[in-house]
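See below for the structure under consideration.
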Amino acid sequence: MRAAMTAAEVGDDVYDEDPTVHRLQERIADLLAKPAALFVPTGTMGNQIGVRLHCLPGDELLCDADCHIFNHEQGAYAQLFGIAARSIVAAGNVMQVSHLEDKVRADDVHFPRTRLLCVENTHNRAGGMVYPLAEVERICSWAAARGLARHLDGARLFNAVVASGIPARDWARHFDTVSVCFSKGLGAPVGSALAGSPEAILQARRLRKALGGGWRQAGVLAAAALYGLDHHVERLAEDHAHARLFAAAIGDCAGIELDRPHVETNIVIFRIDERLGAAADFCARMVRRGVRMSAISKQKVRAVFHLDVSRHDAERAGDLLADVVEELAR
Ligand SMILES: Cc1ncc(COP(=O)(O)O)c(C=O)c1O
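Residue numbering for the sequence shown is 45 to 374, as defined by this note's numbering.
In structure tokens, the structure reads:
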């Protein structure tokens, strides 16, 4: 990847003159079967531009209560754009039409205007769950029938593609805009893309500039993203296998409970019994053993598998976790 970055042909992307950025944007548009795409620095920027494309100040989006846009992007849609969010609590984080039906607000001066449905696939906080395609189809066609736009936060869409065997375009066709990340499982240092209609992407280019995301010789970074697409998509299956291996090992530890018994992709979320203390302390003990995990709530921990974590590392992480459990249970 470093060699590909060094060799990249570049131009000034603020003037839309970078040939490597063009190649990446065309590649993403093709993969997602959308007419156009824009290279952006982060998944957060891709999502926030996506939201803003569909909503104006005083508008409202619908999303799952545990999604990234709602929880982990500082409410940027509200801070920056005056957009409101209505979050939906749904069993297993799978929104269904029944959850959404009474959430579209009446046209009334008291209410924001419901304009957009956001979906996350795979779902980070739901332990890397692949959103069931049938449910995507149902909620998106329901939303379309009510005149709501649809945005897909596909930060880990390629994990969903590899785990399900369903091509990216078959997920993307239910959405007006789709964001994908190169900086997660695909291993690029930087970068995401937003895909949609030519008009949406033209407007997205303006918004990206306003947010300070107009970059110059970005081809160096686009080359890394292209390398990730060429070499690191199929191998996501290895991360999924490592995550399953780890989950199977820790599932036997007393005091550890997997959030979801069936691990589908590269994320394992587990709950620590209160008798073992808090998740933050648990993670600190794992760090002292050389394994990083995140405490995502008082008792929950998230472990993520990626291209720098080998099968041996995954097995070793399971053993070290058992050590920590033993230490805390003493
Ligand atoms: C589901 C999801 N969407 C969006 C993002 C944002 O990506 P970035 O960190 O590139 O802003 C993340 C980051 O972890 C994520 O998990």
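In this text, a Cβ means the ideal position worked out from N, Cα and C, and glycines have one as well.
**OP:** Rounded to whole angstroms, what's the CA-CA distance from S241 to A52? Just pull it up for me.
**Re:** Reading the sequence shown from its first residue, position 197 is the one you call residue 241. Reading the sequence shown from its first residue, position 8 is the one you call residue 52. Roughly 27 Å between the two C-alpha positions.
Subject >> Endpoints, beta strand (DSSP E) assigned at T221 >> reply: Position 177 of the sequence shown, counted from the start, is the residue given in the question as residue 221. That run of the beta strand (DSSP E) goes 221-225.
Subject >> Within 6 Å of ligand 1: residues by beta-carbon to any heavy atom >> reply: T86, G87, T88, N91, H112, E164, N168, D197, A199, C225, S227, S236
Original post:
Is it right to say F114 is buried, meaning 16 or more other beta carbons lie within 10 angstroms of its own, or is it exposed?
Top reply: Position 70 of the sequence shown, counted from the first residue, corresponds to residue 114. Result: buried.
Original post:
Measuring CA to CA, which of T309, F202, I340, R194 is closest to A322?
Top reply: Within the sequence shown, residue 322 is the residue found at index 278, counting from 1. Looking at the Cα atoms, I340 is the closest of the given residues.
**OP:** Report buried or exposed for A221, applying the criterion of at least 16 other Cβ atoms within 10 angstroms of its Cβ.
**Re:** Here the question's residue 221 lines up with position 177 in the sequence shown. Just to set this straight, residue 221 is Thr in the shown sequence, not Ala. Its Cβ being crowded by 16 or more others within 10 Å, T221 is buried.
Original post:
Does the stretch 112-130 come within contact of the stretch 157-166, defined as at least 3 CB pairs closer than 8 Å?
Top reply: yes
Original post:
Do R213 and T309 have their C-beta atoms within less than 8 Å of each other?
Top reply: As a working note, residue 213 is residue 169 in the sequence shown. As a working note, residue 309 is residue 265 in the sequence shown. No; because the gap between Cβ atoms is not below 8 Å, this pair is not in contact.
Original post:
What runs of the beta strand (DSSP E), each 3 residues or longer, lie entirely inside the stretch 133-168?
Top reply: 157-164
**OP:** Write down every uninterrupted run of the beta strand (DSSP E) in the stretch 294-321 whose length is 3 residues or greater and which is fully enclosed by it, in chain order.
**Re:** 300-302, 311-316
Subject >> Proximity to P79 [Cα-Cα], best of D62, G87, E70, P85 >> reply: Here residue 79 corresponds to residue number 35 of the sequence shown, with the count starting at 1. When each option's Cα is compared against that of P79, the closest is E70.
**OP:** Less than 8 Å between the CB atoms is what I'm expecting for I313 and F326, so what's the real figure, rounded?
**Re:** On the sequence shown, residue 313 is found 269 positions in, with the first residue counted as 1. On the sequence shown, residue 326 is found 282 positions in, with the first residue counted as 1. Actually they are not in contact, since the Cβ atoms of I313 and F326 sit about 13 Å apart, beyond 8 Å.
Subject >> Under the three-state DSSP convention, the category E392 falls into >> reply: The chain is shown only over 45 to 374; residue 392 falls outside these bounds and no answer can be derived.
Original post:
Which word fits Q92, buried or exposed, when buried means at least 16 other C-beta atoms lie within 10 angstroms of its C-beta?
Top reply: Stepping through the sequence shown from its first residue, residue 92 is reached at position 48. When all chains shown are included, Q92 counts as buried.
Original post:
beta strand (DSSP E) containing R346: first to last residue?
Top reply: Your numbering for residue 346 matches position 302 in the sequence shown. 344-348 is the span of the beta strand (DSSP E), which, as asked, contains R346.
Original post:
Ordered along the chain, which non-local residues of its own chain (more than five positions away) have a Cβ less than 8 Å from that of K344?
Top reply: Taking the first residue of the sequence shown as 1, we reach residue 344 at position 300. Correct list, in chain order: D303, I313, F314, R315, I316, A323.
**OP:** Could you say if the stretch 132-144 and the stretch 56-65 meet the contact criterion of at least three C-beta pairs nearer than 8 Å?
**Re:** no
Original post:
So what's L82 in DSSP terms, helix, strand or just coil?
Top reply: What you label residue 82 is simply residue 38 of the sequence shown in a count that begins at 1. Three-state result, L82: strand.
Subject >> Contact set for R355: own chain, Cβ-Cβ below 8 Å, skip 5 residues either direction >> reply: Walking along the sequence shown from the start, residue 355 turns up at place 311. If we look at R355 and ignore the five residues flanking it on each side, its Cβ neighbours are E282, A285, H286, L289.
Subject >> Nearest neighbour of E370, chosen from R336, R329, A347, V348 [CA to CA] >> reply: Position 326 of the sequence shown holds residue 370. E370 has its Cα closest to that of R329, out of R336, R329, A347, V348.
**OP:** Give the secondary structure of A239 by DSSP, where H, G and I count as helix, E and B as strand, and everything else as coil.
**Re:** Reading the sequence shown from its first residue, position 195 is the one you call residue 239. In this structure, A239 counts as strand in the three-state DSSP scheme.
**OP:** Assign D74 to buried or exposed, taking buried as 16 or more other Cβ atoms, counted over all protein chains shown, within 10 Å of its Cβ.
**Re:** Within the sequence shown, numbered from 1, the residue matching residue 74 stands at position 30. Result: exposed.
Subject >> Chain-order list of residues whose beta-carbon lies under 6 Å from that of T158 (same chain, five-residue window excluded) >> reply: Counting from 1 along the sequence shown, the entry for residue 158 is found at position 114. So the qualifying residues of the chain are E104, V148, R149.
Original post:
DSSP state of H286, grouped into three classes?
Top reply: Looking up residue 286 in the sequence shown gives position 242. H286 falls in the helix class under three-state DSSP.
Subject >> Residue burial classification, A122 (beta-carbon count within 10 angstroms, cutoff 16) >> reply: Counting from 1 along the sequence shown, the entry for residue 122 is found at position 78. The residue in question, A122, is exposed, as its Cβ has fewer than 16 Cβ neighbours within 10 Å.
**OP:** Report yes if the CB atom of G94 is closer than 8 Å to the CB atom of C225, and no otherwise.
**Re:** Stepping through the sequence shown from its first residue, residue 94 is reached at position 50. Stepping through the sequence shown from its first residue, residue 225 is reached at position 181. Going by C-beta atoms, G94 is not nearer than 8 Å to C225.
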